[in-house]
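Participant: Quick mapping for you: the protein sequence lines, in order, are chains A and B. Residues 15 to 266 in this note's numbering are what the first sequence lists, from first letter to last. Residues 15 to 266 in this note's numbering are what the second sequence lists, from first letter to last. Structure below; questions to follow.
Number of protein chains: 2
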Amino acid sequence: MLKVERLDEINEYIKNNVTVSLDELVKVFDVSKNTIRRDVNELVKSGEFSKIYGGVSVNRSTIIPYKDRSIQNQAAKQQIAKQAASYVEDGDIIFLDSGTTTVEMFHFIKHKKVTVITNNMEFVIAALPFENLNIFSTGGMLERKTKSLTSIHNKEVIRGYNINKAFLASSGISLKNGVTNSLPVESDLKACVVEKSDDVFLLVDHHKFDKYSLTTYCRLEQIDHLVTDKQPANQYLDFMKKHNIKLMVTGK
Amino acid sequence: MLKVERLDEINEYIKNNVTVSLDELVKVFDVSKNTIRRDVNELVKSGEFSKIYGGVSVNRSTIIPYKDRSIQNQAAKQQIAKQAASYVEDGDIIFLDSGTTTVEMFHFIKHKKVTVITNNMEFVIAALPFENLNIFSTGGMLERKTKSLTSIHNKEVIRGYNINKAFLASSGISLKNGVTNSLPVESDLKACVVEKSDDVFLLVDHHKFDKYSLTTYCRLEQIDHLVTDKQPANQYLDFMKKHNIKLMVTGK
DNA sequence: CATAAAATAACCAAAAGTTAACCACTATTT
DNA sequence: AAATAGTGGTTAACTTTTGGTTATTTTATG
């Protein structure tokens with residue numbers, strides 16, 4: 015069997031069994047443990063799995079149920095989330111946007127002592143057991159698809175609070191249209207957050223570049239930190255340099 | 015067995031049995047108590063469980079159990095909740111207060127098609143799977159003890175919405191002090207709800223009569239329906255008759 | 001309040017797993 | 001024929017997990 019074939023099959027096998035011991039893989043694929051190790055290392059590097067003591071396991075986030083295989087770029091998003099979370103310090107008052115990337119930040123800040131303002135229901139639920147987190151929900155109509163809350167009153171609510179750092183998501187960014195979002199009600203809130211927050215962090219994976227959707231909630235130069243998984247194109251780099259936007263690239 | 019596998023299975027086991035002794039886990043998983051302790055510590059850190067003397071137990075934070083053991087007067091409260099819920103009709107826009115009695119209404123309205131405005135986090139979480147329920151969360155600071163949200167902005171939010179029926183709780187009612195509540199911020203919200211709602215339902219068990227706490231959020235005569243479990247004293251009956259307050263007594 | 005049971009924390013040693021390097025062999029490719 | 005990639009075997013240093021032990025503190029209960 016060719017190496018790539020075996021890699022594919024191991025990939026499949028791990029996905030089916032969720033967690034597999036290396037010994038089991040040795041048995042099933044009838045190659046040496048040395049080889050299995052090498053294979054597993056490659057698969058882990060691709061981001062879908064994690065090594066555990068004595069085996070491999072598929073990455074899963076505790077908030078989002080396993081069933082949800084639909085989420086694209088899970089690994090990249092976790093990387094971005096982790097990087098962004100490293101900026102959160104005890105005592106911070108942060109805003110956490112709704113979105114699949116931002117919600118992943120939960121795991122990396124759940125033990126910190128911070129005040130979190132969020133429109134993200136999932137985050138509020140996940141935070142219930144962690145008394146070190148001071149949670150402020152923006153309130154509004156429950157959007158089941160995104161598990162977020164939206165309301166025309168969110169703007170006023172945000173105005174009343176001081177925000178230290180804001181972690182925002184976007185469905186597309188571009189030099190021409192800035193940072194965009196598909197829901198106008200949400201954009202209103204985000205625009206307000208950008209104004210109020212000392213530091214604005216934008217979390218976008220590389221697919222979001224050169225895309226835009228219905229509404230623009232802020233211009234690109236209003237961002238202070240951009241966290242993404244791949245080096246953006248030169249025109250973005252120039253722009254960021256010019257406007258003193260700090261770039262964080264998680265991919266190697 | 016791999017460590018993570020065991021952790022997963024222990025997780026599952028605890029969830030199934032709600033509370034488990036460490037000795038039981040030692041027996042079932044055939045590892046030392048030392049190891050079980052370490053495992054349990056990890057699981058507890060993840061937030062889903064709590065350690066109890068001699069074992070582990072699931073945090074009952076996110077679930078609204080049908081039969082609860084600990085809460086006082088559970089049966090009476092369920093009766094009251096059921097009675098109150100019988101007034102909820104498809105198409106209603108209702109306000110649901112936080113509190114152990116009102117939350118019990120969930121099971122009796124979860125299949126109806128209604129819009130629910132609430133400051134009760136437990137209710138929002140429980141309602142997630144029921145798409146027939148249109149949920150509007152008031153938002154605010156998460157109060158972990160009562161699993162409610164409170165904010166100084168709640169008042170303004172409520173003003174923007176029309177409410178059909180409001181189901182309110184109280185920590186004590188009396189002829190002299192009216193309907194009272196211990197938290198001023200919450201009282202503000204409740205007072206506003208009373209004003210906005212066409213019909214106001216007050217859900218109180220018989221222990222709450224002749225008691226009062228810090229703040230009064232409305233006068234007794236502003237209530238339209240009173241749901242309780244025992245026939246109140248004559249002075250209340252007279253008062254209610256005079257002010258045309260409808261009484262519902264669930265106990266026989 | 002006294003007692004027994006359990007929890008906590010700290011340590012140790014054995015066992016199993018990991019990493020990284022090196023070498024030899026084989027089957028392709030060039 | 002030479003170079004290369006993939007594999008298996010081996011080694012040595014290191015880390016993780018586990019069970020056992022201890023002493024000390026906490027909790028439950030009569």
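We put the beta carbon where it would ideally sit given N, CA and C, even for glycine.
(1) Could you say which of A:K169, A:Y175, A:K96, A:S211 lies nearest to L203 (chain A) if we only look at CA atoms?
(2) How about N148 (chain A): is its C-beta nearer than 9 angstroms to some C-beta of chain B?
(3) Counting contacts by CB-CB distance shorter than 9 angstroms, is P246 (chain A) in contact with chain B?
(4) Between the region 130-144 of chain A and chain B, which residues of the former have CB atoms less than 9 angstroms from a CB of the latter, in chain order?
(5) Where does the unbroken beta strand (DSSP E) through A98 (chain B) begin, and where does it stop?
(6) Quick one: which residues of the region 36-69 of chain A get their C-beta closer than 8 angstroms to a C-beta of chain B? List them in chain order.
(7) Hey, which unbroken runs of the beta strand (DSSP E) at 3 residues or more fall wholly within the region 135-174 of chain A?
(8) Answer with yes or no whether the minimum CB distance from V207 (chain A) to chain B is below 9 angstroms.
(9) Hey, V193 (chain B) and Y231 (chain B) are a contact pair by Cβ (cut 8 angstroms); roughly how many whole angstroms apart?
(10) Give me the Cβ distance between K190 (chain B) and H220 (chain B), rounded to the nearest whole Å; I'm assuming they're in contact under 8 angstroms.
(11) Hey, how far is the Cα of I24 (chain B) from the Cα of I131 (chain A)?
(12) Got a sec: which bits of the region 150-165 of chain B sit with their beta carbon under 8 angstroms from any beta carbon on chain A, in order along the chain?
(13) Report the partner residues of H239 (chain A) according to the DSSP bridge assignment.
(14) Could you name the residues of the same chain whose beta carbon sits closer than 8 angstroms to that of R51 (chain A), not counting the 5 residues immediately before and after it, in chain order?
(15) What three-state label does DSSP hand S112 (chain A) in the structure shown?
(16) Please compile the residues from chain B whose C-beta is within a distance smaller than 8 angstroms of the C-beta of E235 (chain A).
(17) Is it true that the region 170-177 of chain B meets the region 173-180 of chain A, where meeting means three or more beta-carbon pairs spaced less than 8 angstroms apart?
(18) From B:T229, B:Q93, B:A180, B:I259, pick the residue whose C-alpha is nearest to that of V102 (chain B); which is it?
(19) Please determine, among A:L21, A:N48, A:K47, the residue with the shortest C-alpha to C-alpha distance to V58 (chain A).
(20) Tell me C232 (chain B)'s beta-bridge partners as DSSP assigns them.
(21) Are the C-beta of L216 (chain B) and some C-beta of chain A separated by less than 9 angstroms?
(22) Given this structure, state the Cα-to-Cα distance separating I139 (chain B) from I139 (chain A), to the nearest angstrom.
(23) Near S211 (chain A), what residues of its chain come up, given a Cβ to Cβ distance below 8 angstroms and the 5 sequence neighbours on each side ignored?
(24) Taking DSSP as the reference, what is the three-state secondary structure of S201 (chain B)?
(25) May I ask which residues mark the beginning and end of the beta strand (DSSP E) holding V34 (chain A)?
(26) First and last residue of the alpha helix (DSSP H) that includes K47 (chain B)?
(27) What's the call for M15 (chain B), buried or exposed, on a 16-neighbour Cβ count within 10 Å?
(28) For a test of the three-state rule: what should DSSP assign to K29 (chain A), helix, strand or coil?
(29) So, helix, strand or coil for V102 (chain A), using DSSP?
(30) From what residue to what residue does the alpha helix (DSSP H) around F120 (chain B) run?
(31) Less than 6 angstroms between C-beta atoms, sequence neighbours within five positions excluded: which residues of the same chain meet that for V54 (chain B)?
(32) So, using beta-carbon positions, are G113 (chain B) and N134 (chain B) closer together than 9 angstroms?
(33) Quickly, what does DSSP pair V40 (chain B) with across the bridge? List them, please.
(34) How big is the Cα-Cα spacing for T213 (chain B) and Q92 (chain A)?
(35) Residues in its own chain within less than 6 angstroms of F150 (chain A) by CB, not counting five upstream and five downstream?
(36) Which residues, in chain order, does the region 173-193 of chain A contribute to contact with chain B at a C-beta distance below 7 angstroms?
Facilitator: Let me lay it out:
(1) For the purposes of this step, residue 203 (chain A) is taken as residue 189 along the first sequence, with counting starting at 1. The residue with the shortest Cα to Cα distance from L203 (chain A) is A:K169.
(2) Here residue 148 (chain A) corresponds to residue number 134 of the first sequence, with the count starting at 1. Closer than 9 angstroms to some Cβ of chain B, the Cβ of N148 (chain A) qualifies, so yes.
(3) Along the first sequence, read from residue 1 onward, the residue named residue 246 (chain A) stands at position 232. Closer than 9 angstroms: no.
(4) N133, M135, V138, I139, A140, A141, L142, P143, F144
(5) Counted from its first residue, the second sequence places residue 98 (chain B) at position 84. Per DSSP, A98 (chain B) belongs to no beta strand (DSSP E); it is in the alpha helix (DSSP H), 88-99.
(6) I66, Y67, G68, G69
(7) 148-151, 154-157, 162-164
(8) To locate residue 207 (chain A), count along the first sequence from 1; it is residue 193. Answer no: the Cβ-Cβ gap between V207 (chain A) and chain B never drops below 9 angstroms.
(9) The residue given as residue 193 (chain B) occupies position 179 in the second sequence. The residue given as residue 231 (chain B) occupies position 217 in the second sequence. Indeed, because the Cβ distance is near 6 angstroms, the residues count as touching under 8 angstroms.
(10) By 1-based counting over the second sequence, the position of residue 190 (chain B) is 176. By 1-based counting over the second sequence, the position of residue 220 (chain B) is 206. At roughly 18 angstroms, the Cβ-Cβ gap does not stay under 8 angstroms, so K190 (chain B) and H220 (chain B) are not in contact.
(11) As a working note, residue 24 (chain B) is residue 10 in the second sequence. As a working note, residue 131 (chain A) is residue 117 in the first sequence. Computed Cα separation, rounded: 34 angstroms.
(12) F150, S151, T152, G153, G154, M155, L156, R158, K161, L163, S165
(13) Residue numbering aside, residue 239 (chain A) sits at position 225 when the first sequence is read from its first letter. Paired residue(s): A:F215, A:K260.
(14) As a position in the first sequence, residue 51 (chain A) is number 37, starting the count at 1. Only L36 meet the Cβ criterion.
(15) Looking up residue 112 (chain A) in the first sequence gives position 98. Coil.
(16) On the first sequence, residue 235 (chain A) is found 221 positions in, with the first residue counted as 1. The premise fails here: E235 (chain A) is roughly 31 angstroms from chain B at the closest Cβ pair, so nothing lies under 8 angstroms.
(17) no
(18) Here the question's residue 102 (chain B) lines up with position 88 in the second sequence. Among B:T229, B:Q93, B:A180, B:I259, the Cα nearest to that of V102 (chain B) belongs to B:A180.
(19) Along the first sequence, one-based indexing puts residue 58 (chain A) at 44. Checked all of A:L21, A:N48, A:K47; the closest Cα to V58 (chain A) is A:L21.
(20) Position 218 of the second sequence, counted from the first residue, corresponds to residue 232 (chain B). Looking at the DSSP assignment, C232 (chain B) forms a beta bridge with B:V193.
(21) On the second sequence, position 202 is the one that residue 216 (chain B) refers to. Chain A, which has no Cβ nearer than 9 angstroms to the Cβ of L216 (chain B), makes this no.
(22) Working through the second sequence from its first residue, we reach residue 139 (chain B) at position 125. Working through the first sequence from its first residue, we reach residue 139 (chain A) at position 125. Each residue's alpha carbon lies about 7 angstroms from the other.
(23) On the first sequence, position 197 is the one that residue 211 (chain A) refers to. Answer for S211 (chain A): F109, I177, N178, K179, A180, listed in chain order.
(24) Numbered from its first residue, the second sequence carries residue 201 (chain B) at position 187. It is helical.
(25) Translated into the one-based positions of the first sequence, residue 34 (chain A) becomes position 20. Note, V34 (chain A): beta strand (DSSP E), 33-35.
(26) What you label residue 47 (chain B) is simply residue 33 of the second sequence in a count that begins at 1. Unbroken alpha helix (DSSP H) run through K47 (chain B): 47-59.
(27) Taking the first residue of the second sequence as position 1, residue 15 (chain B) is located at position 1. Per the 10 Å Cβ criterion, exposed.
(28) For the purposes of this step, residue 29 (chain A) is identified with residue 15 of the first sequence, where counting begins at 1. K29 (chain A) falls in the helix class under three-state DSSP.
(29) The residue you call residue 102 (chain A) lines up with position 88 of the first sequence. If DSSP states are grouped into helix, strand and coil, V102 (chain A) belongs with coil.
(30) By 1-based counting over the second sequence, the position of residue 120 (chain B) is 106. Per DSSP, F120 (chain B) belongs to the alpha helix (DSSP H) from 120-123.
(31) In the second sequence, the residue the question calls residue 54 (chain B) occupies position 40. Contacts found: V70.
(32) Counting from one through the second sequence, the residue named residue 113 (chain B) turns up at place 99. Counting from one through the second sequence, the residue named residue 134 (chain B) turns up at place 120. Closer than 9 angstroms, so yes.
(33) If you number the second sequence from 1, residue 40 (chain B) lands on position 26. According to DSSP, V40 (chain B) bridges with nothing at all.
(34) For the purposes of this step, residue 213 (chain B) is taken as residue 199 along the second sequence, with counting starting at 1. For the purposes of this step, residue 92 (chain A) is taken as residue 78 along the first sequence, with counting starting at 1. Residue 213 (chain B) is actually Asp in this sequence, not Thr. So the alpha carbons of these two residues sit roughly 48 angstroms apart.
(35) What you label residue 150 (chain A) is simply residue 136 of the first sequence in a count that begins at 1. Around F150 (chain A): I131.
(36) G174
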